Amino acid sequence: MDGTGMTTISIVGAGNLARGLATRAVAAGYEVQLLIRDPSKGEKLVAELGTAVRVSPLDGGAAGDLVALAIPYAAVDRVMSTLGDLTGKTVIDATNPINETFTGLVTEPGASGAEHIAALAPNANVVKAFNTLFAGNVVAGKKNGLPLDVMIAGDDETAKAAVADFVDKTGFRVIDTGPLATAATLEGLAWMHMQLQFTRGTNFQSAIAIVD
Ligand SMILES: NC(=O)c1ccc[n+]([C@@H]2O[C@H](COP(=O)([O-])OP(=O)(O)OC[C@H]3O[C@@H](n4cnc5c(N)ncnc54)[C@H](OP(=O)(O)O)[C@@H]3O)[C@@H](O)[C@H]2O)c1
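The opening position of the sequence shown corresponds to residue 1081 in the working numbering, with each subsequent residue numbered one higher.
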């Protein structure tokens, strides 16, 4: 909770996925802090989503207990060192470590970007989440009238519960895939889903769902 009695989520980035996360967070009553390298680029989202969104520089200090990474994976090393002290924070890693040509992942087989990020922020708890959804679907919040599945992976149960609470409150369905070691599979799944856009012609509109 912040001084206004509302809960704040900090989102790093102001691009497509950040817009989706911010849209759903504001709709659910959260305050949103955008941590971005060029604060002028956040004004578009402030104009779109209102005064619940505020903009800070990358080194402005994360106000939220939840800090969502919505930046290119290639930028995480530099950005994590710029964000400052994340002790006790829950870092939502929504990045996908895709190579520049979209032909594969930059990570070694079995390794994940999420575990690399966890190593960069040893005093924070990293939870992989939202990487398997396309940004347009996150903005919309539902697909064919149904809640979308957000797969989450993490080692710290308290942090995972905090992310699950955010996922739930923002109108998605939580699918817990287990420890952070499963993030590599989630990153591979997201990559495969991107490839399916070309083979199935679904134009980044499809969504991965678990049907019980
Ligand atoms: N788009 C999707 O459907 C989707 C879905 C799931 C996961 N993801 C993942 O989410 C992340 C963001 O994707 P996106 O589509 O939202 O990208 P995007 O629209 O290109 O936005 C990227 C954001 O990151 C910032 N950024 C880029 N390089 C940076 C750097 N070196 N230092 C600091 N900030 C930097 C950009 O700021 P500037 O405007 O200043 O460049 C922008 O705010 C990626 O890891 C992607 O794989 C995306």
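We put the beta carbon where it would ideally sit given N, CA and C, even for glycine.
Computed from a prediction, not measured in an experiment: that's the story for all the values here.
- Just so you know, the alpha carbons of Leu1146 and Asp1229 end up roughly 19 Å apart.
- Using a cutoff of 6 Å, the CB of Tyr1153 counts as near ligand 1, since one of the ligand's heavy atoms is closer than that.
- The closest heavy atom of ligand 1 lies 6 Å or more from the beta carbon of Ala1220.
- Taking 6 Å as the cut-off, the C-beta of Asp1229 does not count as close to any heavy atom of ligand 1.
- Per the C-alpha coordinates, the member of Val1218, Ala1199, Gly1216, Ala1194 positioned closest to Val1207 is Ala1194.
- Between the region 1092-1103 and the region 1117-1128, the count of C-beta pairs closer than 8 Å reaches three or more; the two stretches touch.
- Here the alpha carbons of Ile1089 and Ala1105 stand approximately 8 Å from one another.
- Take the alpha-carbon of Gly1130 and the one of Ala1150: they are about 20 Å apart.
- Proximity of the beta carbon of Phe1214 to ligand 1 is indicated: a heavy atom of the ligand is located closer than 6 Å.
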